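Residue numbers (the numbering used here): 561 to 777.
From the three backbone atoms N, C-alpha and C, an ideal C-beta is built for every residue, glycine too.
Bear in mind that the values here come from a model prediction, so they are computed numbers and not experimental data.
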Ligand code: NI
């Protein structure tokens, strides 16, 4: 406990001092969310399922170095948007679309010397994915024979794992690359004329890739 308080006090002290900026770097680049193509069966029609396509957005990640080897990384991005397509008996049907924000927080261990140009890292963390702006597709509306169709996706909390590397070109600028696996699962519900028409558990479980520029303060 004493050690914990000491560490907390030290961390807060570092965060509030101007020197703390020396521990901060920002990575900006392309980030791709590539969902697991394995689909989920509809509970009502087991021969039919859905899958989610991949999407690339602007990624923004913040690295805070606790010491020479341990880094905390917050992964953020502009909202991803995905088409949801039918599989199996409804292969290719436009089921709908959704947007989501999947902020993740990782603890990373960086290998090699603090001043090395190239430093690979591994990380583990947690993800919270917020789905919004879900829209029912025209094929789904046609099958349900109504325009009053709503699609609802539950938010997801899950674990995440990461590997990556930083390559420093000079003291301030470098290249940041990472690949993560994120456990994202959501309950999807289709509501037609105010009644639940279809339900399914969708395992999105994506690989997330980022390639960007790193700027160290
Ligand atoms: Ni999963």
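Unbroken alpha helix (DSSP H) run spanning residue i, endpoints
{"i": "residue 730", "result": "Where residue 730 is concerned, there is no enclosing alpha helix (DSSP H), given that its DSSP letter is neither H nor E."}
Start-to-end residues for the beta strand (DSSP E) that takes in residue i
{"i": "residue 614", "result": "Neither: residue 614 is in no beta strand (DSSP E) and is coded neither H nor E."}
{"i": "residue 763", "result": "755-763"}
{"i": "residue 748", "result": "745-752"}
{"i": "residue 586", "result": "584-594"}
{"i": "residue 602", "result": "Looking at the DSSP string, residue 602 is not in any beta strand (DSSP E), and its letter there is neither H nor E."}
{"i": "residue 769", "result": "767-776"}
Neighbourhood of residue i by C-beta, 7 Å cutoff - its chain only, sequence neighbours within 5 removed
{"i": "residue 694", "result": "656, 658, 711, 712, 713"}
{"i": "residue 719", "result": "686, 743"}
{"i": "residue 690", "result": "660, 661, 715"}
{"i": "residue 757", "result": "704, 750, 751"}
{"i": "residue 707", "result": "701"}
{"i": "residue 771", "result": "589, 590, 737"}
Cβ shell of residue i (< 6 Å), same chain only, five flanking positions each side left out
{"i": "residue 595", "result": "612, 764, 766"}
{"i": "residue 735", "result": "727"}
Contacting residues, own chain, Cβ-Cβ under 8 Å from residue i (five flanking each side not counted)
{"i": "residue 684", "result": "666, 667, 719, 720, 721, 722"}
{"i": "residue 759", "result": "602, 603, 604, 747, 748, 749, 750"}
- Message: If contact is defined by three or more beta carbon pairs under 8 Å, each pair taking one atom from either stretch, is the region 596-611 in contact with the region 622-632?
- Response: no
- Which parts of the region 698-743 are runs of the beta strand (DSSP E), unbroken and 3 residues or longer, counting only runs that do not cross its ends? 709-713, 716-728, 733-742
- Item | contact_flag[the region 665-674, the region 695-708] where n(CB pairs < 8 Å) is 3 or more | no
- Task: For the region 611-698, list the beta strand (DSSP E) runs that are entirely contained and at least 3 residues long, ordered along the chain.
- Result: 615-625, 630-637, 640-648, 654-661, 664-670, 678-696
- Decide if the region 724-732 is in contact with the region 699-715; the criterion is three or more beta carbon pairs, one per stretch, under 8 Å apart. no
- Message: Under 8 Å: do the region 675-684 and the region 638-653 share three or more Cβ pairs, one atom per stretch?
- Response: no
- Any heavy atom of the ligand NI nearer than 5 Å to the CB - residues listed: 743, 745, 763, 765
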